[in-house]
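The opening position of the sequence shown corresponds to residue 22 in this note's numbering, with each subsequent residue numbered one higher. Below: the structure, in structure tokens.
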Amino acid sequence: MALQPWHKLITPREDLREERPLDAAEFAVHLDQVRDNQGPDVYRVPQEFFRRTFLTKNLLSLASEAVRRLNGQITETSAVFNMATQFGGGKTHALTLLYHLATHGKTAGKWPGVRQILEQAGVRRIPECRTAVFVGTEFDAIQGRGGNDGTPLRKTPWGEIAWQLGGDNAFKVVTQHDADGVAPGGDVIHKFLPKDQPCLILMDELMNFISRGRKMGLAAQLYNFLHNLSETARGMNNVVLVASIPASLLEMSQEDEADFTRFKKMLDRVGKPILMSSESESAEIIRRRLFEWDDDAVGQNGKVALTRQAQEVCRAYADWVMDHRQQVPGWFPVDQALDTFKDAYPFHPMVLSVFERKWQTLPRFQRTRGVLRMLALWVAKAYQEGYKEGRRDPLIGLGSAPLEDSMFRSVLLEQLDESRLEAAITTDICGKPDSHAARLDQEAVEAIKKSRLHRKAGTVILFESNGGTTSDEATVPEIRLALGEPDLDSGNVDTVLEALVTHCYYLGVQKNKYRFSFTPNLNKMLADRRASIDPRKIEETVRIEVQRVFSLNDPTVQGGVERRFFPERSSDVPNRPMLTLVILGPDKSLADKAVTLRELETMTRECGASSRTFKSALVWCVPDTAAALENEARKLLAWQEIKEDEAEHLDENQRRQLEDNLKKSKRDLQETVWRAYRYIVLLGKDNKLRISDMGLVNSSMAHSMTGLILQQLKKDGEVEASISPNFLLRNWPPAFTEWSTKSIRDAFFASPMFPKLLNGEQTVKDTVARGIQSKMLGYVGKGSKGGYAPFHFAEELSPLDVEISDDMFVIKKETAEAHKKAEAGSKNAEQTSASVIQGQISTVSPPTVPNSDGKSGSPGKQIDLPSVPTIKTGVTAVRWKGQVPPQKWMNFYTKVLSRYAAAKGLKINLDVEVSPEGGLTKHQMDEIKTALRELGLSDDMEVSE
Numbered sequence: 022m023a024l025q026p027w028h029k030l031i032t033p034r035e036d037l038r039e040e041r042p043l044d045a046a047e048f049a050v051h052l053d054q055v056r057d058n059q060g061p062d063v064y065r066v067p068q069e070f071f072r073r074t075f076l077t078k079n080l081l082s083l084a085s086e087a088v089r090r091l092n093g094q095i096t097e098t099s100a101v102f103n104m105a106t107q108f109g110g111g112k113t114h115a116l117t118l119l120y121h122l123a124t125h126g127k128t129a130g131k132w133p134g135v136r137q138i139l140e141q142a143g144v145r146r147i148p149e150c151r152t153a154v155f156v157g158t159e160f161d162a163i164q165g166r167g168g169n170d171g172t173p174l175r176k177t178p179w180g181e182i183a184w185q186l187g188g189d190n191a192f193k194v195v196t197q198h199d200a201d202g203v204a205p206g207g208d209v210i211h212k213f214l215p216k217d218q219p220c221l222i223l224m225d226e227l228m229n230f231i232s233r234g235r236k237m238g239l240a241a242q243l244y245n246f247l248h249n250l251s252e253t254a255r256g257m258n259n260v261v262l263v264a265s266i267p268a269s270l271l272e273m274s275q276e277d278e279a280d281f282t283r284f285k286k287m288l289d290r291v292g293k294p295i296l297m298s299s300e301s302e303s304a305e306i307i308r309r310r311l312f313e314w315d316d317d318a319v320g321q322n323g324k325v326a327l328t329r330q331a332q333e334v335c336r337a338y339a340d341w342v343m344d345h346r347q348q349v350p351g352w353f354p355v356d357q358a359l360d361t362f363k364d365a366y367p368f369h370p371m372v373l374s375v376f377e378r379k380w381q382t383l384p385r386f387q388r389t390r391g392v393l394r395m396l397a398l399w400v401a402k403a404y405q406e407g408y409k410e411g412r413r414d415p416l417i418g419l420g421s422a423p424l425e426d427s428m429f430r431s432v433l434l435e436q437l438d439e440s441r442l443e444a445a446i447t448t449d450i451c452g453k454p455d456s457h458a459a460r461l462d463q464e465a466v467e468a469i470k471k472s473r474l475h476r477k478a479g480t481v482i483l484f485e486s487n488g489g490t491t492s493d494e495a496t497v498p499e500i501r502l503a504l505g506e507p508d509l510d511s512g513n514v515d516t517v518l519e520a521l522v523t524h525c526y527y528l529g530v531q532k533n534k535y536r537f538s539f540t541p542n543l544n545k546m547l548a549d550r551r552a553s554i555d556p557r558k559i560e561e562t563v564r565i566e567v568q569r570v571f572s573l574n575d576p577t578v579q580g581g582v583e584r585r586f587f588p589e590r591s592s593d594v595p596n597r598p599m600l601t602l603v604i605l606g607p608d609k610s611l612a613d614k615a616v617t618l619r620e621l622e623t624m625t626r627e628c629g630a631s632s633r634t635f636k637s638a639l640v641w642c643v644p645d646t647a648a649a650l651e652n653e654a655r656k657l658l659a660w661q662e663i664k665e666d667e668a669e670h671l672d673e674n675q676r677r678q679l680e681d682n683l684k685k686s687k688r689d690l691q692e693t694v695w696r697a698y699r700y701i702v703l704l705g706k707d708n709k710l711r712i713s714d715m716g717l718v719n720s721s722m723a724h725s726m727t728g729l730i731l732q733q734l735k736k737d738g739e740v741e742a743s744i745s746p747n748f749l750l751r752n753w754p755p756a757f758t759e760w761s762t763k764s765i766r767d768a769f770f771a772s773p774m775f776p777k778l779l780n781g782e783q784t785v786k787d788t789v790a791r792g793i794q795s796k797m798l799g800y801v802g803k804g805s806k807g808g809y810a811p812f813h814f815a816e817e818l819s820p821l822d823v824e825i826s827d828d829m830f831v832i833k834k835e836t837a838e839a840h841k842k843a844e845a846g847s848k849n850a851e852q853t854s855a856s857v858i859q860g861q862i863s864t865v866s867p868p869t870v871p872n873s874d875g876k877s878g879s880p881g882k883q884i885d886l887p888s889v890p891t892i893k894t895g896v897t898a899v900r901w902k903g904q905v906p907p908q909k910w911m912n913f914y915t916k917v918l919s920r921y922a923a924a925k926g927l928k929i930n931l932d933v934e935v936s937p938e939g940g941l942t943k944h945q946m947d948e949i950k951t952a953l954r955e956l957g958l959s960d961d962m963e964v965s966e
């Protein structure tokens with residue numbers, strides 16, 4: 022069953038429900054106004070005052086002791102009380118309660134809570150008393166009071182008090198003392214105090230009068246008067262003096278502090294110090310002041326009883342705390358969680374406890390008055406949100422503070438005494454359309470968005486980290502407890518904290534402790550720097566990182582793959598029979614799909630001014646968009662600039678964070694490259710460009726981006742590391758009897774019907790060698806007389822002996838067997854002799870042997886020849902030097918060297934000079950080096966300039 026929202030179980034005061042403007046004076050009672058029957062009804066009208074007042078333990082003790090003393094009983098009571106609570110702590114409220122009791126006597130017995138006072142005092146009634154009220158902020162020592170209204174002029178506190186207690190007769194006793202500004206002694210005081218009636222003297226805001234009257238000597242005289250009055254009251258049975266000294270300690274001068282200490286010590290010595298409320302009683306005080314209650318709901322202990330549904334809410338929250346006891350602060354009473362939630366209802370306990378735990382050390386914090394005013398605004402806004410916006414919060418949580426309301430913020434910052442936090446609140450939490458926490462909530466998953474968890478977490482951190490001088494951070498357990506509710510996934514708390522740290526400009530974190538301050542953090546520095554980064558540096562950084570990611574050392578990429586980066590025109594991509602990954606620049610992405618594909622179509626079909634032969638050799642690597650890459654590069658450059666320019670101005674924690682951010686930014690840029698280059702574009706079997714999406718990829722999927730793309734191409738059957746001889750047979754061109762090895766290699770990179778080959782030349786060589794050994798293929802060259810020379814079939818041939826050229830061919834098994842059969846049937850014997858003439862080798866063909874019929878021998882028939890003896894020449898080696906025309910190099914190898922290539926003893930030393938007209942470009946130099954390396958040769962070259 023869903024928990025009922027708080028606003029349906031408890032009703033705020035009418036003015037809060039209607040969100041009428043709140044009068045700040047409502048939470049600051051003025052005792053002199055109450056005496057004059059002025060001010061708000063909540064203070065002026067006794068019945069309303071007592072209905073809204075919760076009798077805390079100390080307030081009940083003060084009232085019962087005062088009533089007992091006024092009844093003439095001196096045991097277990099005191100005649101003098103010193104209200105020594107912090108500024109705004111409820112002192113004047115206590116004085117007002119005593120004033121109403123003393124002035125209304127037995128009539129007061131009908132008011133809420135008075136029966137408790139009488140029972141604790143052990144008396145049956147409250148006597149009607151003479152009362153005197155002196156408020157230091159109102160009484161002026163120069164002008165005095167009266168003199169022009171039919172009453173005598175009073176210029177001192179003792180003159181005013183005497184007049185209020187006994188009129189003209191009492192004032193005459195101290196007329197001279199009043200005129201001379203001299204405090205009366207005990208004998209004189211005794212004379213103006215009433216003899217036949219109890220007497221209550223209330224003195225409030227004394228420090229204000231002391232500070233103003235110091236130069237007139239009244240500070241010292243007031244000290245003497247208070248001392249004398251206290252001693253006199255202690256000697257009487259029915260006189261009570263209650264004095265409240267403090268003004269705001271923050272506003273005291275050095276002289277004020279000295280006088281404050283002196284007065285307090287004296288009053289503590291002759292009287293009883295009183296504290297107004299404890300932490301556990303604050304909730305009941307607030308409930309009485311801000312909400313409407315049926316008087317019948319007030320129990321014997323003076324507390325309001327909760328409804329059954331409200332108790333269910335408290336129980337659900339308490340159960341959550343019990344289940345997560347390891348995740349909440351150690352100081353929270355987990356085993357008494359239910360009572361804690363009941364005491365604080367409709368507030369979450371963390372709302373009230375933060376003021377006691379942290380804020381009470383603030384100099385300007387008003388423990389009762391300030392909190393009441395703040396919570397009144399809070400309740401009014403929360404009530405409106407509950408009904409108008411459909412909020413269903415079971416409790417008023419710390420994270421729900423209406424920081425978007427400027428009036429609430431002003432009250433909050435007044436209590437914190439730190440107006441500079443305004444920027445932190447509106448920038449990072451709420452108050453502006455683009456406030457970070459509010460924006461993060463809008464972009465979050467539904468569970469976080471619905472509960473406004475980013476905003477609530479930010480608000481909790483603000484309250485928890487800006488109140489204390491000894492504990493000025495919000496810990497994760499404190500945040501988790503403040504956000505805790507029955508349906509909360511505690512893992513979401515960690516998620517939103519991480520997001521806030523990443524985006525907020527004024528949020529700091531150290532060792533899982535969070536704090537909002539008015540000092541911009543590294544995120545703010547980052548935002549400022551990002552705006553000024555040169556776009557050219559961004560582009561350069563992205564390109565460098567892309568090249569790095571595609572060129573990482575990868576043991577799975579053994580070679581045979583060329584990489585070409587960021588081509589601008591078709592001539593930038595060579596037309597070569599070699600698998601080539603062409604990596605487009607970030608500016609050519611699929612964000613502009615039509616334009617990019619049109620460019621790829623052109624560069625695939627063309628190479629400069631010519632048509633491209635090896636279209637199928639190209640694999641285009643295309644980013645999805647440039648925006649993410651540029652964003653991460655901009656961030657990385659900004660962090661680098663901050664390190665260069667600001668590092669010396671940062672504290673140790675910020676420097677550590679800066680290093681962490683730099684490392685993270687580098688990782689993020691790398692991962693963004695992986696994610697961006699998810700698309701492969703290549704020529705499909707229909708001779709049209711085809712897009713392949715690798716999906717969401719990351720750096721953990723392969724050693725390099727090149728390796729990942731090759732994995733995908735192999736998976737799709739687009740790239741093969743080896744091919745079988747059968748593949749060549751299945752795809753043999755019908756028009757060919759012999760298929761040149763060069764044409765075979767080229768077919769794999771020219772036709773999309775063939776897979777692309779890794780290490781194309783080596784793969785073809787391996788396939789041919791295996792085909793020869795398995796009697797599936799023959800490997801031949803064409804002799805000068807039209808025959809096959811060399812001829813290899815059904816034998817073991819090393820792949821190193823297979824040449825990729827236009828002059829070397831592969832033939833089918835049938836052709837090879839036919840040739841072998843024809844060769845075996847020849848009756849001609851070959852005799853070969855060699856002579857060495859001036860560095861050249863000449864070969865003499867064997868003579869034609871006649872058949873038995875006298876005709877010339879046919880090579881197609883077997884002829885029995887006599888054995889020809891080997892001619893010994895004494896030559897052990899032949900060396901030749903000379904220039905071979907470039908066009909005849911392949912013929913030279915075939916006709917002169919190939920027959921000795923398989924035997925041991927052939928050594929070839931080349932001295933090659935390439936000097937085209939106009940010189941060589943860097944691109945051409947690189948191609949030569951690449952080709953040499955592919956052949957397993959050194960790429961060291963002598964260069965002439």
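Note that the Cβ used here is the ideal one computed from N, Cα and C, for glycine as well.
Judged by DSSP secondary structure, W760 falls within the beta strand (DSSP E) whose first and last residues are E759 to S761.
Across the structure, P746 and T915 are spaced so that their CA atoms are roughly 24 Å apart. By the Cβ test, the segment 553-572 is in contact with the segment 646-655, since at least three Cβ pairs between them sit closer than 8 Å. Taken in chain order, the whole beta strand (DSSP E) runs of length 3 or more contained in the segment 41-125 are 101-104. Secondary structure note for M829: its beta strand (DSSP E) is the uninterrupted segment M829 to K833. Taken atom to atom, the span from the alpha-carbon of D199 to that of R175 is near 7 Å. Excluding the 5 residues flanking it on each side, H248 has same chain C-beta neighbours closer than 8 Å at M287 and V291, in chain order.
The Cβ-Cβ distance between A444 and T480 does not fall below 7 Å. One Cα belongs to R619, the other to G799, and the distance between them is close to 44 Å.
With a 10 Å radius around the Cβ and a threshold of 16 neighbouring Cβ atoms, F539 comes out exposed.
Counted as a single uninterrupted DSSP element, the beta strand (DSSP E) harbouring T601 occupies residues L600 to I604. Taking a contact as a CB-CB distance under 8 Å, the pair I712 and C642 does not count as one, their CB atoms being some 12 Å apart. The C-beta separation of V594 from P588 comes to about 5 Å, placing the pair in contact by the 8 Å criterion. Listed as beta-bridge partners of K534 by DSSP are T496 and Q531.
Distance check between L416 and each of K216, F913, L30 and P937 places L30 closest, using alpha-carbon atoms only. If you draw a 10 Å sphere on the C-beta of M224, you find 16 or more other C-beta atoms in it, and that means buried. Measuring C-alpha to C-alpha distances from D493 to each of A647, A403 and V530 identifies V530 as the nearest. Within the DSSP secondary-structure output, D225 pairs in a beta bridge with V156. In the three-state reduction of the DSSP assignment, T32 falls in the strand class.
Counted as a single uninterrupted DSSP element, the beta strand (DSSP E) harbouring I712 occupies residues L710 to D714.
Boundaries cannot be given for Y366, as no alpha helix (DSSP H) includes it and DSSP labels it neither H nor E. Among the bridge pairs identified by DSSP, S632 is matched with E627. Checking the DSSP bridge columns, you'll see G799 partnered with F814 and I832.
According to the DSSP assignment, S637 belongs to no beta strand (DSSP E), since it is labelled neither H nor E. Of all alpha-carbon atoms in M726, K545 and A465, the one lying nearest the alpha-carbon of R584 is that of M726.
For A264, the three-state secondary structure derived from DSSP is strand.
In this structure the segment 687-707 touches the segment 627-643; the number of beta carbon pairs closer than 8 Å is three or more. A Cβ-Cβ distance of about 14 Å is found for the pair L419 and Y366, leaving them out of contact under the 8 Å criterion.
Spatial neighbours of V203 in its own chain (CB-CB distance under 7 Å, excluding positions within 5 residues in sequence) are listed in chain order as Q242.
Cβ-Cβ separation between I307 and L393: approximately 7 Å, consistent with a contact (criterion under 8 Å). Of the residues R569, A756, S631 and L703, the one whose Cα lies closest to the Cα of K687 is R569. Non-local C-beta neighbours of G167 in its own chain, meaning closer than 8 Å and more than five positions away in sequence, comprise P173, L174, R175 and W184, ordered along the chain.
Shown here for S632: same chain residues with a beta carbon closer than 8 Å to its own, the five before and five after excluded, namely R626 in chain order.
The way I'd put it, the segment 392-408 does touch the segment 31-42; three or more beta-carbon pairs between them come closer than 8 Å.
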